[in-house]
Every structure is written in structure tokens, then in C-alpha cells.
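Some notes on the structure that comes next.
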Amino acid sequence: MGADEPPRRREVRPRSVARVLPDVAGLDKTFDYAVPASLGPDVRVGTIVRVELHGRRVGGWIVELVDAPAAAVDATRLKPIAKVTGWGPLPDVVDLSAWAAWRWAGRRSAFLGTASPPVAVRGLPSAAVRERSTVAESSRNVVVHRVPPAGDVVPLVRDAMARGDALVLTPSVAGAARLARRMETPVARYPHDWARAAAGGCTVVGARAAAWAPVPNLAAIVVLDEHDEAYQEERAPTWHARDVVIERARRARVPCLLVSPCPSLDALAAAADVVTPSRADERAGWPVVDVVDRRREPPGLGLYSTRLVDAVRSGGRVVCVLNRTGRARLLACAACGELARCEVCDAAVETIEEGLRCRRCGATRPVVCAACGATRLKTLRTGVTKARDELARLANRPVVEVTATTLDDADLTGAGVLVGTEAVLHRVGRADVVAFLELDQELLAPRYRAAEQALALLARAARVVGGRAGGGRLLLQTRLPRHPVVDAALHADPSRLATVELVARTALRFPPAAALAAISGPAASEYVDQLRDRVDVELLGPADGRWLVRASEHQLLCDALATLTRPPGRLRVEVDPLRI
DNA sequence: CGGACAAGCTGA
DNA sequence: CAGCTTGTCCGG
Numbered sequence: 001m002g003a004d005e006p007p008r009r010r011e012v013r014p015r016s017v018a019r020v021l022p023d024v025a026g027l028d029k030t031f032d033y034a035v036p037a038s039l040g041p042d043v044r045v046g047t048i049v050r051v052e053l054h055g056r057r058v059g060g061w062i063v064e065l066v067d068a069p070a071a072a073v074d075a076t077r078l079k080p081i082a083k084v085t086g087w088g089p090l091p092d093v094v095d096l097s098a099w100a101a102w103r104w105a106g107r108r109s110a111f112l113g114t115a116s117p118p119v120a121v122r123g124l125p126s127a128a129v130r131e132r133s134t135v136a137e138s139s140r141n142v143v144v145h146r147v148p149p150a151g152d153v154v155p156l157v158r159d160a161m162a163r164g165d166a167l168v169l170t171p172s173v174a175g176a177a178r179l180a181r182r183m184e185t186p187v188a189r190y191p192h193d194w195a196r197a198a199a200g201g202c203t204v205v206g207a208r209a210a211a212w213a214p215v216p217n218l219a220a221i222v223v224l225d226e227h228d229e230a231y232q233e234e235r236a237p238t239w240h241a242r243d244v245v246i247e248r249a250r251r252a253r254v255p256c257l258l259v260s261p262c263p264s265l266d267a268l269a270a271a272a273d274v275v276t277p278s279r280a281d282e283r284a285g286w287p288v289v290d291v292v293d294r295r296r297e298p299p300g301l302g303l304y305s306t307r308l309v310d311a312v313r314s315g316g317r318v319v320c321v322l323n324r325t326g327r328a329r330l331l332a333c334a335a336c337g338e339l340a341r342c343e344v345c346d347a348a349v350e351t352i353e354e355g356l357r358c359r360r361c362g363a364t365r366p367v368v369c370a371a372c373g374a375t376r377l378k379t380l381r382t383g384v385t386k387a388r389d390e391l392a393r394l395a396n397r398p399v400v401e402v403t404a405t406t407l408d409d410a411d412l413t414g415a416g417v418l419v420g421t422e423a424v425l426h427r428v429g430r431a432d433v434v435a436f437l438e439l440d441q442e443l444l445a446p447r448y449r450a451a452e453q454a455l456a457l458l459a460r461a462a463r464v465v466g467g468r469a470g471g472g473r474l475l476l477q478t479r480l481p482r483h484p485v486v487d488a489a490l491h492a493d494p495s496r497l498a499t500v501e502l503v504a505r506t507a508l509r510f511p512p513a514a515a516l517a518a519i520s521g522p523a524a525s526e527y528v529d530q531l532r533d534r535v536d537v538e539l540l541g542p543a544d545g546r547w548l549v550r551a552s553e554h555q556l557l558c559d560a561l562a563t564l565t566r567p568p569g570r571l572r573v574e575v576d577p578l579r580i
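Below, the structure is given as C-alpha cells:
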């Protein structure tokens with residue numbers, strides 16, 4: 001591969017046997033079909049076809065083409081391919097799908113589906129062919145670029161595009177559209193412009209799925225906001241776009257740039273090099289951080305410190321973040337102190353307008369203490385709705401509540417004070433201050449990635465208020481003012497968190513110091529029983545009906561999972577689970 | 001997945 | 001034993 005490669009010639013002799021992977025859920029096996037001479041030129045590795053299988057017509061992908069004499073079976077007895085539907089993933093992506101099926105213990109069709117055009121593509125538009133300017137040496141192709149929240153990533157993207165056809169990923173589809181608009185040369189958006197991307201000669205931009213985009217002359221890959229969890233698919237196979245493109249770049253021997261204000265430990269572990277801004281530039285790109293130590297405050301202020309109240313009264317635009325919806329998520333009797341729980345299932349109840357509602361089973365009941373009959377309950381955990389009312393009183397101006405369920409077209413431009421779950425940070429354009437009413441909830445969340453996620457949240461907030469030069473401010477209410485996350489934000493230096501976090505992960509054997517898979521569902525125990533006598537993987541659990549499989553690295557974990565047979569029944573295999 | 005086919009169950 | 005359900009197997 002390279003600039004001096006002779007132009008590719010069409011196959012002289014049509015290959016006559018196609019190995020087809022049917023797009024049938026629950027089937028992860030290829031079948032051989034004869035390629036009728038009439039279809040010859042349309043049939044390539046990746047082509048989407050329809051074939052007869054077990055008496056019905058199903059769609060599928062050609063994953064391999066075999067010369068008839070070399071094929072083990074007699075080509076004349078094979079059923080022919082019934083129809084060519086159109087273009088499918090290019091051969092490099094077809095190969096990548098086999099790797100991903102191993103890496104995330106999933107079916108290949110899940111990946112090929114993501115890599116396929118949303119509507120049938122019969123022909124590709126003509127393309128302006130560009131050559132790649134340079135080819136990276138394969139061993140140092142992953143580079144992490146730390147760019148502060150207020151920094152501009154467009155120059156990095158332009159550099160990548162200058163190398164030739166680049167693939168650029170953003171966490172959200174909206175972000176991809178925004179980036180596409182900022183580029184002066186046209187780019188193809190994935191999956192919408194599938195055919196244009198497959199034709200080559202342009203940069204491809206998209207969200208997670210674009211990791212699977214066709215880029216025939218790939219020259220570089222850029223992952224923006226690499227730390228964002230939107231890059232991981234929630235449904236099994238739980239593939240991660242960052243890890244897919246790292247492997248893709250390695251195979252194509254092109255550079256892979258992972259860009260983030262707070263790079264994940266996984267990115268840092270994969271990187272051959274980390275490019276950091278100067279201390280001055282990084283400081284300028286983060287806002288001023290006010291830490292309110294809530295241990296030093298008089299009791300009775302609730303969620304609202306004096307500094308917070310000053311901020312909401314200041315007249316500037318203030319966004320308050322509280323990651324709890326509803327009014328009150330945990331209540332206790334004002335008389336006897338008993339926790340308010342559901343009469344049906346014992347779970348904690350929350351307040352709604354008509355009374356109390358169980359958060360687990362939805363049963364409702366009037367506001368009465370089940371233990372002593374008192375009718376006055378006190379709030380132990382305030383939700384966003386209640387915070388809105390209280391803030392409105394304190395601020396003496398209207399306060400708008402924003403959660404993930406707030407309508408997309410709601411006009412927030414005029415709102416002076418907003419309160420919401422972290423969704424508010426995605427909805428609000430700009431603000432003078434973002435205040436975290438209860439940061440400790442994020443810092444101490446019972447997930448091993450909690451600290452990383454908390455810093456990512458602060459980075460997102462930092463983008464809303466801008467860098468310190470523009471007067472941007474974050475206000476953090478916490479009882480853990482020396483927590484490494486607070487420390488990292490305060491010093492505008494995410495490596496302060498990464499360093500201590502890596503030590504903790506190594507001690508606890510969590511990724512990236514180990515590779516994990518979570519196995520759940522009714523068939524889980526039968527599945528994991530096959531791992532019992534292995535020494536290269538460790539089996540933990542079950543906890544909450546979920547088993548954990550741990551190995552020192554993915555090679556061992558995925559090899560072990562690949563040897564298992566799937567018992568009948570529902571089974572969920574999550575490699576690299578997020579929520580543990 | 002979904003069709004084919006076998007084995008098991010029911011009712012007259 | 002017809003008629004139906006349930007389970008298992010397998011696809012080129």
C-alpha cells in the first residue's frame with residue numbers, strides 16, 4: 001500500500017464461490033453460494049446480497065470470495081446468490097468486523113450492520129481521488145492530544161485532513177453536524193453520505209457508528225472528546241468506537257489521534273505519545289474553579305451555600321447541576337425518623353404531586369408514615385424539581401428546570417437561572433457560572449469509573465462557561481475539597497487525577513490494569529460454569545445476578561470467552577462493562 | 001431467526 | 001390416533 005502502488009485492476013476471472021454471512025439474528029455462521037457469471041462485476045467482499053437459506057430468502061454479506069477449484073465443496077451443487085442488493089462494507093471493514101466479534105464476544109452481523117448503508121447503494125458517485133501524503137510507522141500510531149475545554153480542536157482536524165482522507169468521530173450526531181459545517185472543504189457525514197464516503201476522496205465525519213465507515217484511502221483517524229461514554233454501544237456487543245478505530249488505524253498503519261480535555265485511562269494506556277498543552281495554555285482553557293467546602297458551613301443551608309446564593313442573585317446566567325430528577329428521592333418521617341418505603345416492595349418512595357410513589361414498582365400512596373402514622377415527612381435527598389422552587393425563592397427570579405425529558409425545542413435562551421440534571425449542560429448554550437450542588441454524589445458514585453466520569457462532567461461544564469480569560473467560573477459544592485477530581489479541575493491539570501486513578505485501578509485490578517466482562521441473564525451461570533477450571537481468567541460473583549470475568553488483558557479474556565458455547569436462553573455478555 | 005420434524009400430551 | 005403443543009436441530 002502506498003503512493004507508488006500500481007492502479008488496482010478489476011478481477012480478470014470472476015471468483016465463483018461466495019462465503020455469505022446471513023443477516024439473521026441468532027446465526028453467526030457463513031454459508032457458501034455460487035456466484036452466477038452475470039453478477040460477476042457487482043460481487044465483492046462486503047457486497048450485500050440476498051440468498052436462499054433453509055427455504056426462505058434472507059439478506060447477508062459476502063465475507064469471503066473463494067476460487068472454485070480451491071473451494072472444498074463442489075461449486076456446481078451450491079445454490080446461486082439470488083440477488084445483489086448493493087454495496088456493503090469495504091474489505092478492510094469486513095475483516096475488522098471479525099476482530100470486533102472476538103473483542104466484544106458478539107456476532108459479526110452486529111458490526112456489519114453498523115458498517116452498511118442505511119438504504120441500498122447500487123453505485124458510487126465519482127470521486128476526486130487524493131493520495132495519502134504520509135504513512136505513519138505502525139508502532140507509534142496512537143497519540144493522545146490533551147486540549148483544554150475552551151481549546152479549539154479544528155486545527156487538529158485540519159492537520160489530519162491534510163494527510164488525505166480522514167475519519168473524524170464526535171460523541172454525538174449533532175456534534176458531527178456542527179463540525180462538518182465548520183470545515184471549508186466538504187465532508188461526508190456517516191451514515192447519511194455512505195456512498196460518497198465509499199467513493200473516497202473526502203473526509204468522513206460521524207458519531208460512534210462512523211468507526212465503521214467506508215474510507216477507501218484512509219489516511220488518519222481523529223476521535224474528538226475521546227473520554228465521552230457515548231462512544232460505547234449500550235446494547236451487546238458493547239463495542240467502543242475508540243477501541244475499534246485504534247485497531248483500524250493499527251491495521252491501516254495510519255495515525256490515530258485521541259483528543260480530549262480529560263483523556264481516559266484507556267486512551268492513555270493505548271497511546272504511544274501524549275501531547276499536552278503548555279501549563280499556561282491549559283490553565284487558560286479551563287475556568288476558574290470555586291470550591292465550597294460544605295463541612296465548614298453552618299448547618300441548615302440545605303443544598304445552597306452562601307456563595308451559591310450570591311451567584312444566583314448576581315444577575316449572571318447560572319446553571320445549577322443536580323443529578324436527581326423529581327422532587328424528593330429519599331424521605332424520612334419528621335416524627336419518628338423512619339425511612340419512607342413502599343408498602344408493596346419495600347423500596348424507597350419519592351414524592352409526586354398526588355403523594356408518594358415507589359421508584360421500583362410504581363405503587364402510590366398518600367403521605368403518611370407507615371410506622372407511626374404521622375403525615376409530615378422531611379426530605380433527605382432533594383430532587384431537581386424541589387431545588388427549582390427553592391432556588392427561585394433564593395434568587396428572587398424565575399428558575400427553569402431542565403432534565404433529559406425536557407422538550408428539545410424548549411427556549412432556554414432567556415432563562416437567567418437553570419437547574420437540572422447533567423442533561424442541562426447539553427441543552428444550555430452558554431452560562432457565566434455552572435454550579436454543582438452536590439458534587440460528592442458524582443465523586444462517590446458506586447462505579448469504578450466514577451472519578452473519571454466526574455471530571456468529564458466538569459470538563460463539559462467548563463465548555464459551557466468558557467476559559468478563565470472570558471470570566472468562566474465553576475462552583476463546586478463538596479465535602480471532599482481535596483478529592484483528586486476537584487484538585488485536577490482546580491489546577492486545570494487532568495493528569496493529577498489520571499496519576500492517582502491509575503494507581504487505584506492497578507491496586508484494585510480494574511481496567512486498564514485488567515480486562516473485564518460482565519455476564520448476566522438467566523443462562524449466565526451455565527455459560528460461566530465453563531470457565532471454572534481455567535487459570536488465566538478469574539470468575540467473580542454473582543452479584544445482582546451478574547458475573548464478572550477478569551483477565552490480565554483482553555487477549556486472554558476474549559480468547560477464553562471465544563471458547564465458550566452459548567447455552568440456550570437469554571444471555572448478555574458485556575465486555576468492558578461501564579456500570580460496575 | 002424460523003421452518004421442519006419428532007416426541008409428548010390430550011380427548012374421544 | 002388425530003390434532004395440537006413443545007422442544008431441538010440446522011441451514012450452503
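Each residue of the first sequence is one higher than the one before, counting from 1 in my numbering.
All C-beta atoms, glycine included, are put in the ideal place defined by N, C-alpha and C.
Give me the residue from the options with the minimum Cα distance to residue i.
| i | options | result |
| --- | --- | --- |
| Gly-60 | Ala-488, Arg-108, Ser-495 and Arg-77 | Arg-108 |
| Arg-44 | Ala-551, Arg-19 and Arg-140 | Arg-19 |
| Val-168 | Ser-38, Ala-423, Pro-191 and Pro-494 | Pro-191 |
| Pro-277 | Arg-376, Arg-146 and Val-318 | Arg-146 |
| Gly-201 | Val-143, Ala-270 and Pro-125 | Pro-125 |
| Gly-383 | Ala-459, Leu-303 and Glu-354 | Leu-303 |
| Val-535 | Arg-550, Glu-501, Pro-542 and Thr-403 | Arg-550 |
| Val-318 | Ala-504, Leu-418 and Arg-283 | Leu-418 |
| Val-434 | Gly-466, Thr-379 and Ala-176 | Gly-466 |
| Ala-543 | Arg-579, Pro-512 and Ala-514 | Arg-579 |
| Pro-91 | Ala-160, Leu-218 and Val-35 | Leu-218 |
| Val-24 | Val-51, Arg-496 and Glu-297 | Val-51 |
| Ile-48 | Arg-77, Ala-280, Gly-55 and Gly-123 | Gly-123 |
| Val-222 | Glu-401, Val-399, Arg-430 and Val-153 | Val-153 |
| Gly-429 | Ala-415, Gln-453 and Val-367 | Ala-415 |
May I have the straight-line CA-CA distance separating residue i from residue j, to the nearest angstrom?
| i | j | result |
| --- | --- | --- |
| Cys-336 | Glu-442 | 30 Å |
| Cys-369 | Lys-386 | 20 Å |
| Leu-331 | Arg-447 | 24 Å |
| Lys-83 | Arg-57 | 10 Å |
| Glu-338 | Ala-374 | 10 Å |
| Glu-422 | Trp-102 | 34 Å |
| Ala-488 | Cys-345 | 42 Å |
| Gln-232 | Glu-574 | 11 Å |
| Glu-64 | Val-17 | 9 Å |
| Val-485 | Ala-230 | 21 Å |
| Ala-498 | Thr-563 | 35 Å |
| Arg-295 | Arg-479 | 6 Å |
| Ala-581 | Ala-371 | Because the chain here runs from 1 to 580, residue 581 falls outside it and cannot be looked at. |
| Ala-343 | His-240 | First, the amino acid is wrong: residue 343 is Glu here, not Ala. If I take the Cα positions, the gap works out to 42 Å. |
I'd like to know whether the C-beta atoms of residue i and residue j end up nearer to each other than 9 Å.
| i | j | result |
| --- | --- | --- |
| Gly-316 | Gly-151 | no |
| Val-205 | Ala-188 | yes |
| Leu-96 | Trp-212 | yes |
| Pro-586 | Trp-194 | The requested residue 586 is not part of the displayed model; the chain covers only 1 to 580. |
| Trp-104 | Asp-576 | yes |
| Val-157 | Val-275 | no |
| Arg-376 | Ala-334 | yes |
| Leu-224 | Thr-170 | yes |
| Gly-40 | Val-94 | no |
| Ala-608 | Arg-283 | In the structure as shown, the chain begins at 1 and stops at 580. Residue 608 is therefore absent and cannot be evaluated. |
| Glu-475 | Arg-307 | Inspection of the sequence shows that residue 475 is occupied by Leu rather than by Glu. Cβ atoms of Leu-475 and Arg-307: closer than 9 Å. |
| Ala-523 | Arg-546 | no |
| Phe-111 | Pro-237 | yes |
Between residue i and residue j, which are expected to be in contact by the criterion C-beta below 8 Å, what is the C-beta distance as a whole number of angstroms?
| i | j | result |
| --- | --- | --- |
| Arg-473 | Asp-293 | That belief does not hold up - the Cβ atoms of Arg-473 and Asp-293 are roughly 17 Å apart, past 8 Å. |
| Pro-149 | Ala-462 | 4 Å |
| Leu-556 | Tyr-527 | Wrong, their Cβ atoms sit about 17 Å apart, outside the cutoff. |
| Arg-140 | Ala-272 | 4 Å |
Run through the DSSP bridge pairs and tell me what residue i is partnered with.
| i | result |
| --- | --- |
| Gln-232 | His-240 |
| Thr-203 | Val-187 |
| Val-349 | Cys-358 |
| Thr-403 | Answer is none; Thr-403 lacks a bridge partner. |
| Gln-477 | Val-292 |
| Lys-378 | Ala-332 |
| Ala-435 | Cys-320 and Leu-475 |
| Glu-64 | Arg-19 |
| Trp-547 | Ile-519 |
| Asp-32 | Arg-19 |
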